[in-house]
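Remarks on the structure that follows.
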Amino acid sequence: MGMPMLINKLEAFLDEPAKKRREFLDRLEDCAAEDDELDCYLRTSFSPNQTKNVLEFWASVGESEFPRLAKLARFLLPTSAACAPVSLAHPSSPLTASDINTLLILR
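Residue numbers (this note's numbering): 434 to 540.
Following this line, the structure appears as structure tokens:
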């Protein structure tokens with residue numbers, strides 16, 4: 434192993450803590466950016482026209498101004514609001530179809 438190769442390995446070894454520190458600070462900045470995005474969203478007032486349709490909002494305004502929140506919205510919004518079909522054929526069930534629908538909406 435030649436001297437230049439040893440020097441390169443030594444420099445890489447000594448640079449490792451600095452690299453880890455940079456990566457840690459980069460992750461902190463990313464977290465701060467996410468917090469800032471949420472704070473900014475909460476402080477922003479939108480016109481009723483913009484918020485009439487939630488899906489359209491996150492596909493247009495939300496996507497351009499709040500990309501991380503839009504990504505979360507894409508994950509949450511398509512989620513079905515109902516669970517597996519409930520059999521209402523059993524008379525022992527104390528819940529009516531209307532009660533079940535109300536509970537699913539409140540969920």
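Built from N, CA and C at the ideal position, the CB exists for glycine as well. Nothing here was measured: the structure is a model prediction, and the numbers come from that model.
Point to revise | Through-space distance from residue 537 to residue 500, alpha-carbon basis | key: One-based indexing of the sequence shown puts residue 500 at position 67. One-based indexing of the sequence shown puts residue 537 at position 104. Straight-line measurement puts the Cα of residue 537 at about 30 Å from the Cα of residue 500.
Point to revise | Inter-residue spacing [alpha-carbon to alpha-carbon] between residue 437 and residue 456 | key: Within the sequence shown, residue 437 is the residue found at index 4, counting from 1. Within the sequence shown, residue 456 is the residue found at index 23, counting from 1. Approximately 27 Å between the Cα atoms of the pair.
Check your understanding: Just the Cα atoms here: how many angstroms apart are residue 496 and residue 534?
Key -> Position 63 of the sequence shown, counted from the first residue, corresponds to residue 496. Position 101 of the sequence shown, counted from the first residue, corresponds to residue 534. Roughly 32 Å separates the two Cα atoms.
Review point. Just checking my contact of residue 471 with residue 509 at CB under 8 Å: how many whole Å lie between their CB atoms?
Key: Start at 1 with the first residue of the sequence shown, and residue 471 comes out as number 38. Start at 1 with the first residue of the sequence shown, and residue 509 comes out as number 76. No, residue 471 and residue 509 are not in contact; Cβ-Cβ is about 14 Å, not under 8 Å.
Exercise for review: List the endpoints of the continuous alpha helix (DSSP H) containing residue 497.
Suggested key: Taking the first residue of the sequence shown as 1, we reach residue 497 at position 64. Bounds of the alpha helix (DSSP H) holding residue 497 are 494-498.
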